[in-house]
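Chemist: Pasting a structure here, questions to come.
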Amino acid sequence: MSGTVILKFHPGYKPSRVNAAMSEAVAGLDGVESVDMYALYPHEPDLHAAEDAEVERLFAAKRLCVQFPVHWFAATPRAMAWQDLVLNRITFDKPEEGERLKGLPFMIAATAGQSEDSYQAGHANLYPLEQLLRPWEVTAKQCGYEWHEPFLAYGADDYDDEDVARVAKDFATHIEGWKPE
Ligand SMILES: Cc1cc2nc3c(=O)[nH]c(=O)nc-3n(C[C@H](O)[C@H](O)[C@H](O)COP(=O)(O)O)c2cc1C
C-alpha cells in the first residue's frame, strides 16, 4: 500500500513555481507518493502505454489526490487524458477493477493564477472555483470514491517567494493530516 498518492498534472508551459514547491514540500512525507505525470509521460501515448501500471498504482493507493494548476477554468489536458484512460477502463471496460476502488478517499489540489475575489458572481470568473470543479466531484461520485474538500490556492501568479513557501507548507500540512480510512 502506498498510502496517499498524489498525481500532479503540470504541463510546464512556463516553469512551475507553486506546484513545484508543493511537490517538494510533500516529497519527504511518510507514506506519500507524489507523481509528476507530465515528467513521467511527456507525450500522451506514453501515458496510454502505461495504462496497466496506472491502474495498479490506484490499487496500491489508500487515498488519491489529483493536483493541477487551473488552466482555462479546468484541469490540464493530461489530467483529462488520465480520466479518459484510467477511469474509462475501470468504469466501463473492466468494472470489476472499479469495484476494488470503491470508497477511495479522493481530493483535488488546484492552484489558480487569479484571485479568490475574481471567482464569484458578478466578477471576472463568474463562479466560485469549487463550482467549476464540480465535474470532478460528480466523477468521484460516479466512481464510488469518497469526495473530500479540495485544497485550493488563489492568486498564484502574484505570489512572492514567501507566499509560495506558505502555500507549499499548507499543502504539506493538509496532506499529512489527510488520513481518512
Ligand atoms: C494556459 C494557461 C491557462 C490558465 N488559465 C487559468 C484560469 O483559467 N484561471 C486561473 O485562475 N489561472 C489560470 N492560469 C494561471 C495558472 O493557474 C497559474 O499560473 C498556476 O496555477 C500557477 O502555478 P505554477 O507556479 O505551479 O505554474 C492559466 C495559466 C496558463 C499557462
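Residues in the sequence shown are numbered consecutively from 943, following my numbering.
Where is the CB? At the ideal position from N, CA and C, for every residue including glycine.
Just so it is clear, the structure is predicted and the values come from calculations on it, not from any experiment.
#1: How is PHE1048 classed by DSSP in three states: helix, strand or coil?
#2: Applying the criterion that 16 or more other CB atoms from any shown protein chain within 10 Å of the CB defines a buried residue, is ALA1127 buried or exposed?
#3: Do you know offhand how far ARG1076's Cα is from ALA1082's?
#4: Hey, how far is the Cα of PRO987 from the Cα of ALA1052?
#5: Applying the 10 Å Cβ sphere with the 16-neighbour rule, what's the burial state of HIS952?
#6: Since ARG999 is in the alpha helix (DSSP H), which residue starts that stretch and which ends it?
#7: Which first and last residues belong to the alpha helix (DSSP H) in which PRO1037 is found?
#8: With distances taken between CB atoms, is the gap from VAL1106 to ALA963 smaller than 8 Å?
#9: On the DSSP bridge list, what partners appear for THR1053?
#10: Name the two residues that bound the continuous alpha helix (DSSP H) containing GLU966.
#11: Sorry if obvious, but does the Cβ on ALA1051 come closer than 7 Å to a heavy atom of ligand 1?
#12: Should LYS1111 be labelled buried (16 or more other beta-carbon atoms within 10 Å of its own) or exposed?
#13: Based on DSSP bridge pairs, tell me the residues matched to GLY945.
Modeler: Based on what the coordinates show:
#1: strand
#2: Nothing about residue 1127 can be read from this structure; the chain reaches only from 943 to 1123.
#3: 10 Å
#4: 25 Å
#5: buried
#6: 993–1001
#7: 1037–1042
#8: yes
#9: PRO1011, ALA1095
#10: 960–969
#11: no
#12: exposed
#13: ALA1003
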